[in-house]
């Protein structure tokens with residue numbers, strides 16, 4: 001069963017700005033990989049619970065204690081743009 | 097001097113026959129002679145390494161000893177953050193990033209006065225099996241420079257094989273320590289999930305990722321794991337029990353042990369030379385007194401499919417953080433969304449984009465149950481298969497990889513064929529179990545072959561015991577032929 005992928009929608013969800021040529025390139029490759037991966041659907045998993053994690057983990061709480069965090073200046077130095085102690089980004093909405 | 101084992105160097109440092117400074121000078125000299133051909137490193141920290149070596153020598157002179165790694169040159173995969181040393185995970189999107197903190201694994205090395213040689217090349221964000229997916233150029237196999245070193249921890253495997261480090265740190269999500277170890281003729285082990293902290297390991301697939309060592313011998317692997325393992329409150333998935341004893345019984349041999357040969361991990365797709373070396377090693381274990389049992393794990397055949405849904409799904413979530421805001425590169429855009437979509441499309445390489453798209457699709461509305469949900473159920477079946485096998489046997493064995501090192505460029509256009517090279521290593525990641533690769537010979541082209549030993553969670557001691565026995569029985573002492581030229 002060929003797998004139908006709305007690749008432009010997936011790329012938008014993943015915030016990847018790809019050209020039409022790139023989209024069709026990845027669409028073809030994903031179809032081949034998903035065709036192989038779809039083998040999981042042939043396995044009878046009735047009454048099988050999904051495993052999200054290999055060890056049976058429970059919440060790992062830590063004590064609510066104040067401890068030093070990373071130095072703000074050092075962290076901001078790695079940002080493409082910062083201002084007044086904040087990360088700086090372009091506007092969320094286009095201005096009219 | 098560049099070909100010391102860890103245990104050899106450890107003794108030599110303490111009896112005064114070598115200094116930490118001499119070890120690091122030899123390692124850096126070897127790197128200088130080989131980098132043009134092998135490209136194992138993304139960053140060599142000449143000054144920092146020499147300072148650390150001198151400090152280690154001063155500790156020895158003062159009679160202080162922080163443990164077996166003191167003064168030992170270690171190469172660190174570039175997906176572990178290092179304070180003050182550029183860390184890119186071989187991605188253009190992180191070019192120029194200089195972390196303000198150390199990964200816990202790196203901090204542990206430093207506390208024990210190890211000497212960090214530099215940061216090693218890898219497949220971008222650890223996605224790949226050949227180190228060809230690096231944004232900064234592919235690495236080459238020291239046994240044959242037309243071949244890949246394996247991956248994704250290819251640079252660390254090369255550094256150990258070629259003598260530019262005595263220990264390499266790698267990370268293993270689907271075989272990324274064991275497969276390059278096999279292809280480069282060194283020992284590589286993936287610990288039980290949670291034994292080594294993932295804090296500061298740039299996440300690929302968080303439920304699968306685990307840091308582990310690449311070394312020249314099994315005993316060195318034990319020593320390195322002892323140095324790395326331990327609870328870390330900064331990693332919520334870190335194992336909270338007492339650290340298990342990895343070393344007991346190491347020299348005990350295999351007499352009386354039951355060892356299972358996994359039927360599904362052989363046959364079609366496996367090189368004849370790989371199968372021959374594997375069978376010969378199994379025969380040696382049998383002659384040494386192990387009881388060999390053939391074991392069928394039916395879910396092995398589907399585990400690859402499940403992995404290539406689960407790992408991309410987790411990666412698509414983990415890599416959402418690379419958006420041009422807090423670190424790395426940025427492409428300008430009129431809006432924040434334009435900036436992010438341009439930054440990500442430009443900063444990620446093809447394999448990373450492929451996996452983000454795959455994972456996003458598998459998690460998206462309407463497909464979640466059929467793909468991701470079903471893969472998580474298959475994961476349960478893989479775990480059950482292992483549990484049922486370990487009720488009958490102490491350890492399982494298989495080849496580490498179906499083939500020896502393949503030619504550079506031969507699989508880059510066919511992602512699925514590249515994925516198939518992880519078929520033997522992926523199941524242990526899905527189960528969270530430990531596994532190790534030990535070199536057991538070379539094929540007709542003189543390329544190394546790896547033998548994998550798998551054990552139940554926290555069963556490192558029996559895994560190391562079988563691995564150490566294999567190492568003694570096989571007596572693999574070959575070195576890359578080019579070492580004569582580089583020496």
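Residue numbers (this note's numbering), protein chains in the order written: chain A, 1 to 96; chain B, 97 to 583. A virtual CB, placed ideally from N, CA and C, is assigned to each residue, including glycine. Since we're looking at a predicted model, the values are computed, not measured.
List the residues of chain B whose Cβ lies closer than 9 Å to the Cβ of residue i, in chain order.
{"i": "residue 85 (chain A)", "result": "Chain B residues near residue 85 (chain A): none, gap ~13 Å exceeds 9 Å."}
{"i": "residue 91 (chain A)", "result": "430, 431, 432"}
{"i": "residue 60 (chain A)", "result": "329, 331, 332, 333, 334, 336"}
Name the chain A residues that come within less than 7 Å of residue i, Cβ to Cβ?
{"i": "residue 412 (chain B)", "result": "14"}
{"i": "residue 445 (chain B)", "result": "What residue 445 (chain B) touches in chain A: nothing, since even the nearest Cβ is about 12 Å away."}
{"i": "residue 528 (chain B)", "result": "54, 55"}
{"i": "residue 504 (chain B)", "result": "Result: empty, since nearest Cβ-Cβ is about 20 Å, beyond 7 Å."}
{"i": "residue 512 (chain B)", "result": "32, 33, 36"}
{"i": "residue 460 (chain B)", "result": "10, 13"}
Less than 8 Å between the CB atoms is what I'm expecting for residue i and residue j, so what's the real figure, rounded?
{"i": "residue 58 (chain B)", "j": "residue 304 (chain B)", "result": "Here chain B has residues from 97 to 583 only, and residue 58 (chain B) is not among them."}
{"i": "residue 428 (chain B)", "j": "residue 435 (chain B)", "result": "6 Å"}
{"i": "residue 250 (chain B)", "j": "residue 309 (chain B)", "result": "The pair is not a contact, with the Cβ atoms about 15 Å apart (cut-off 8 Å)."}
{"i": "residue 398 (chain B)", "j": "residue 33 (chain A)", "result": "In fact, because the Cβ distance is near 15 Å, the residues do not count as touching under 8 Å."}
Reducing DSSP to helix, strand and coil, say where residue i ends up.
{"i": "residue 86 (chain A)", "result": "strand"}
{"i": "residue 156 (chain B)", "result": "helix"}
{"i": "residue 215 (chain B)", "result": "strand"}
{"i": "residue 467 (chain B)", "result": "helix"}
{"i": "residue 482 (chain B)", "result": "helix"}
{"i": "residue 223 (chain B)", "result": "coil"}
{"i": "residue 1 (chain A)", "result": "Legend: pLDDT at residue 1 (chain A) = 46, less than 50; position of this residue unreliable, no value from coordinates given."}
{"i": "residue 144 (chain B)", "result": "helix"}
{"i": "residue 32 (chain A)", "result": "helix"}
{"i": "residue 103 (chain B)", "result": "helix"}
{"i": "residue 520 (chain B)", "result": "coil"}
{"i": "residue 334 (chain B)", "result": "coil"}
{"i": "residue 577 (chain B)", "result": "coil"}
{"i": "residue 502 (chain B)", "result": "coil"}
{"i": "residue 413 (chain B)", "result": "helix"}
{"i": "residue 188 (chain B)", "result": "helix"}
{"i": "residue 548 (chain B)", "result": "strand"}
{"i": "residue 237 (chain B)", "result": "strand"}
For a contact defined as C-beta to C-beta under 9 Å, what are the partners of residue i on chain A?
{"i": "residue 486 (chain B)", "result": "Ordered by position in chain A, no residue passes the 9 Å Cβ test against residue 486 (chain B), which lies about 14 Å from the chain."}
So is residue i in contact with chain B if we call contact Cβ pairs under 7 Å?
{"i": "residue 3 (chain A)", "result": "no"}
{"i": "residue 82 (chain A)", "result": "no"}
{"i": "residue 18 (chain A)", "result": "yes"}
{"i": "residue 10 (chain A)", "result": "yes"}
{"i": "residue 23 (chain A)", "result": "no"}
{"i": "residue 50 (chain A)", "result": "yes"}
Could you tell me which chain B residues have their CB closer than 7 Å to the CB of residue i, listed as they occur along the chain?
{"i": "residue 74 (chain A)", "result": "196"}
Does the beta carbon of residue i come closer than 7 Å to any beta carbon on chain A?
{"i": "residue 329 (chain B)", "result": "yes"}
{"i": "residue 452 (chain B)", "result": "yes"}
{"i": "residue 225 (chain B)", "result": "no"}
{"i": "residue 437 (chain B)", "result": "yes"}
{"i": "residue 215 (chain B)", "result": "no"}
{"i": "residue 339 (chain B)", "result": "no"}
{"i": "residue 126 (chain B)", "result": "no"}
{"i": "residue 289 (chain B)", "result": "yes"}
{"i": "residue 470 (chain B)", "result": "yes"}
{"i": "residue 521 (chain B)", "result": "no"}
{"i": "residue 440 (chain B)", "result": "yes"}
{"i": "residue 517 (chain B)", "result": "no"}
{"i": "residue 533 (chain B)", "result": "no"}
{"i": "residue 193 (chain B)", "result": "yes"}
{"i": "residue 303 (chain B)", "result": "yes"}
{"i": "residue 177 (chain B)", "result": "no"}
{"i": "residue 398 (chain B)", "result": "yes"}
Who are the neighbours of residue i on chain A, taking C-beta pairs under 8 Å?
{"i": "residue 422 (chain B)", "result": "75, 78, 79, 87"}
{"i": "residue 405 (chain B)", "result": "37, 40"}
{"i": "residue 477 (chain B)", "result": "43, 45, 48"}
{"i": "residue 426 (chain B)", "result": "80, 81"}
{"i": "residue 457 (chain B)", "result": "5, 10, 30, 34"}
{"i": "residue 401 (chain B)", "result": "36, 37, 38, 39, 40"}
Could you name the residues of chain B that residue i contacts, counting a contact when the two beta carbons are closer than 8 Å?
{"i": "residue 71 (chain A)", "result": "196"}
{"i": "residue 66 (chain A)", "result": "Here the premise fails: no neighbours, minimum Cβ distance about 14 Å."}
**Report entry** Every unbroken alpha helix (DSSP H) within the region 241-302 of chain B, with a cutoff of 4 residues, ordered by chain
**Finding:** Counting only runs of 4 or more, we get 250-258, 274-280.
Query raised in the report: At which residue ranges does the region 341-374 of chain B contain complete beta strand (DSSP E) runs of 3 or more residues, listed in the order of the chain?
Result: Counting whole runs of 3 or more residues, the region 341-374 of chain B contains the beta strand (DSSP E) stretches 354-358.
Query raised in the report: Can you list the alpha helix (DSSP H) stretches of 4 or more residues lying completely in the region 420-467 of chain B, in chain order?
Result: As for any alpha helix (DSSP H) of minimum length 4 sitting wholly inside the region 420-467 of chain B, the runs are 432-443, 446-459, ordered along the chain.
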